[in-house]
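*Asks:*
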Amino acid sequence: MQSPTHAPLTILSSSAMNMPHLNTDPSLLKSSTGTIRSVPSDDSRLGPNSHDDSPTAQPQSQNESTTPTTPRKASYNSINGSKPPLSRQNPSATGMPRGVVRSISTEFGPTKYSSSNVHVVEDIPANDGEDFNSAIGKANLGKSGRVIERLTKENDMLKRDVKIERLRAEEALDQARLAESRFVQENEEWERKLRDAAMNSTVLKRRERQLADAKEKIDAERHKAEKATEGELFWKTEMQKLENECKEKVEEAQSRAELYEGRNNVMTNHWKDQEKSANRTVAKLEKEIKMIVKERIADDEKITMLKRLAEQQAEQLKTLQKEKDDVDRKYEEYKAEKEKSLADIKENASKQQKANEEIMAETQKVLGELRWALNVKKHVKDAE
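FYI, in our numbering the residues of the sequence shown are 10 to 393.
This is how it looks when you write it as structure tokens:
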């Protein structure tokens, strides 16, 4: 007796991968061997092959469980023109993608209908005992044996498909969780960078206030320098006036002294009789000269004091000019540093904004694909 060849179930398409009912429908995990009617036993034909699983079906199911399920051509040993138990429906008639819709023939027993339009053989408890064994014994000699073997293979393949789809669904859920956590991390990073930008703006505002204070100080120092310059010019003019007055007085005193000296000579030479009166006059003139000399000395001391004051004012002016130059230099350095920091901040902010926009777009795209994959029922017609 030749072993029959059967058409295995093909793998569900990727569009039906994430249907949650495939992971939880227990009807896909149950055996379909209980759909065969029991027949009277024949002890002469019962042998080592009369167990629940025939030796021809068990090795094949084990080999298929270890190898990937790929589509194969099927040759059905149809008896009396019967249709194959598994057949593909026309996708255009059901409105579902190709590779999703499959049906199981109901000639071998009642079937269950799942929400994915996959017909699964209904689980009917198998009779434990001689009735089931006798049915297997009889089936090995005819059509029922091929049916049982084929249904066993199909049940194993359905179990593998369900396990594969469950693993794929779990993997998709894990990827969705990872994408969500990545999105949360990116959002936190974006908020942190916004806080950093706000802190930088506050620092810039504080530095602008410091710059305004420095400008006010510079204006005050400039005003002081202008006042000091005006004071210096005033004291220089006063000193020049005093010096000119003193020179005029000295010249006048010298001229008077010369005049009196000439008169004294004339009086001593020609007017000896008036020597006493001349001596008195000379004494008087000497007193006046001494007083003039004292006044001149006092004027010299005043001139010296004014010179010292002018020197002090000049030193103070030099110090103020030096401080002004230092302030101007520091202001230029601060201005250059501020412009450089502003340019760096703007460049980094633009780069970060572009990177964040790209990451947000990619995250939204991945999130939309995952949502679409988890909600396939909303996009598939006739899906419950």
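C-beta: ideal position from N, C-alpha, C; glycine also.
From what residue to what residue does the alpha helix (DSSP H) around Q322 run?
*Replies:* Translated into the one-based positions of the sequence shown, residue 322 becomes position 313. Start and end: 284 to 383.
*Asks:* Out of R175, L203, M166, E158, point me to the one whose CA is closest to Q361's CA.
*Replies:* The residue labelled residue 361 in the question sits at position 352 within the sequence shown. The residue with the shortest Cα to Cα distance from Q361 is L203.
*Asks:* How about Y269 and L294: are their beta carbons less than 8 Å apart?
*Replies:* As a first step, residue 269 must be located in the sequence shown, where it is residue number 260. As a first step, residue 294 must be located in the sequence shown, where it is residue number 285. In contact: Y269 and L294 (Cβ atoms closer than 8 Å).
*Asks:* Return the chain-ordered list of same chain residues with a C-beta closer than 6 Å to the C-beta of R317, the five sequence neighbours on each side being excluded.
*Replies:* Locating residue 317 in the sequence shown gives position 308, counting from the first residue. The answer is none, since no qualifying residue turns up.
*Asks:* If distances are taken between C-alpha atoms only, which option among Q219, N273, T238 comes closest to Q325?
*Replies:* Stepping through the sequence shown from its first residue, residue 325 is reached at position 316. Of Q219, N273, T238, the residue nearest in Cα terms is T238.
*Asks:* At the level of alpha carbons, what is the spacing between Y340 and L220?
*Replies:* Translated into positions along the sequence shown, residue 340 becomes position 331. Translated into positions along the sequence shown, residue 220 becomes position 211. Near 8 Å, if we compare the C-alpha coordinates of L220 and Y340.
*Asks:* Out of D337, N164, N209, which one is the CA nearest neighbour of Y352?
*Replies:* Here residue 352 refers to the residue found at position 343 when the sequence shown is read from its first residue. For the sequence presented, residue 352 should be read as Ala rather than Tyr. Selected option, being the one with the closest Cα: N209.
*Asks:* Does T161 pass the burial test, meaning 16 or more other C-beta atoms within 10 Å, or should it be called exposed?
*Replies:* Along the sequence shown, read from residue 1 onward, the residue named residue 161 stands at position 152. Buried.
*Asks:* Buried or exposed: V4, going by 16 or more other Cβ atoms within 10 Å of its Cβ?
*Replies:* With the chain covering 10 to 393 only, the question about residue 4 has no answer from this structure.
*Asks:* What do you reckon, are the CB atoms on L376 and F192 nearer than 8 Å?
*Replies:* Taking the first residue of the sequence shown as position 1, residue 376 is located at position 367. Taking the first residue of the sequence shown as position 1, residue 192 is located at position 183. Yes, Cβ-Cβ distance for L376 and F192 is below 8 Å.
*Asks:* On the criterion of 16 or more Cβ atoms from any shown chain inside 10 Å, does I157 qualify as buried, or is it exposed?
*Replies:* Counting from 1 along the sequence shown, the entry for residue 157 is found at position 148. Buried is the call here.
*Asks:* For D52, which residues of its own chain have a beta-carbon under 7 Å away from its beta-carbon, when the five flanking residues on both sides are left out?
*Replies:* For this step, residue 52 is matched to residue 43 along the sequence shown. Note that D52 scores a pLDDT of 41, beneath 50, so its modelled location is shaky; the value from the coordinates is reported in the next line. Once the five neighbours on either side are set aside, D52 has no close Cβ partner at all.
*Asks:* Hey, would you say R233 sits closer than 8 Å to L329, going by beta carbons?
*Replies:* Here the question's residue 233 lines up with position 224 in the sequence shown. Here the question's residue 329 lines up with position 320 in the sequence shown. Inspection of the sequence shows that residue 233 is occupied by Lys rather than by Arg. Yes, these two residues count as a Cβ contact at 8 Å.
*Asks:* For M300, is the classification buried or exposed, using 16 other Cβ atoms within 10 angstroms of its Cβ as the cut-off for buried?
*Replies:* In the sequence shown, the residue the question calls residue 300 occupies position 291. By the neighbour-count rule (16 or more Cβ atoms within 10 Å), M300 is not buried but exposed.
*Asks:* Among W199, I312, A188, D170, whose alpha-carbon lies nearest the alpha-carbon of L358?
*Replies:* On the sequence shown, position 349 is the one that residue 358 refers to. The question names Leu, but residue 358 is Ala in the sequence shown. If we check each option's Cα against that of A358, W199 comes out closest.
*Asks:* What does the alpha-carbon distance come out to for the pair T246 and A206?
*Replies:* As a working note, residue 246 is residue 237 in the sequence shown. As a working note, residue 206 is residue 197 in the sequence shown. Between T246 and A206, the C-alpha separation is close to 59 Å.
*Asks:* If you reduce the DSSP assignment to three classes, tell me which class P68 lands in.
*Replies:* As a working mapping, residue 68 is identified with position 59 in the sequence shown. In this prediction, P68 scores a pLDDT of 41, lower than 50, which makes its location untrustworthy; no coordinate-derived value is stated.
*Asks:* Verify whether the separation of the beta carbon atoms of E342 and E230 is less than 8 Å.
*Replies:* Start at 1 with the first residue of the sequence shown, and residue 342 comes out as number 333. Start at 1 with the first residue of the sequence shown, and residue 230 comes out as number 221. No, the Cβ-Cβ distance between E342 and E230 is not below 8 Å.
*Asks:* Output the distance between the C-alpha atoms of K258 and Q321, rounded to the nearest integer angstrom.
*Replies:* The residue you call residue 258 lines up with position 249 of the sequence shown. The residue you call residue 321 lines up with position 312 of the sequence shown. Roughly 28 Å between the two C-alpha positions.
*Asks:* Let me make sure I understand the geometry here. Which of D337, A181, K296 has the alpha-carbon closest to that of V385?
*Replies:* Within the sequence shown, residue 385 is the residue found at index 376, counting from 1. Measuring from the Cα of V385, the nearest candidate turns out to be A181.
*Asks:* Taking the alpha-carbon of E225 as reference, which of K347, K355, D337 has the nearest alpha-carbon?
*Replies:* Translated into positions along the sequence shown, residue 225 becomes position 216. Taking only the C-alpha atoms, the option nearest E225 is D337.
*Asks:* Could you check whether E241 and A345 sit closer than 8 Å to each other, using their CB atoms as the reference points?
*Replies:* Here residue 345 corresponds to residue number 336 of the sequence shown, with the count starting at 1. Here residue 241 corresponds to residue number 232 of the sequence shown, with the count starting at 1. Against a cut-off of 8 Å, the Cβ pair of E241 and A345 comes out as no contact.
*Asks:* Closer than 6 Å by C-beta to D308: which residues in its own chain qualify, once you throw out the five before and the five after it? Chain order, please.
*Replies:* Within the sequence shown, the letter at position 299 stands for residue 308. So the list reads C255, once near-sequence residues are dropped.
*Asks:* Rounded to the nearest angstrom, what separates R215 and N196 at their Cα positions?
*Replies:* Here residue 215 refers to the residue found at position 206 when the sequence shown is read from its first residue. Here residue 196 refers to the residue found at position 187 when the sequence shown is read from its first residue. Each residue's Cα considered, the two are about 29 Å apart.
*Asks:* For I354, which residues of its own chain have a beta-carbon under 7 Å away from its beta-carbon, when the five flanking residues on both sides are left out?
*Replies:* Along the sequence shown, one-based indexing puts residue 354 at 345. Excluding sequence neighbours, I354 sits near N209.
*Asks:* Alpha carbon to alpha carbon, how far is S350 from T211?
*Replies:* Reading the sequence shown from its first residue, position 341 is the one you call residue 350. Reading the sequence shown from its first residue, position 202 is the one you call residue 211. Roughly 14 Å between the two C-alpha positions.
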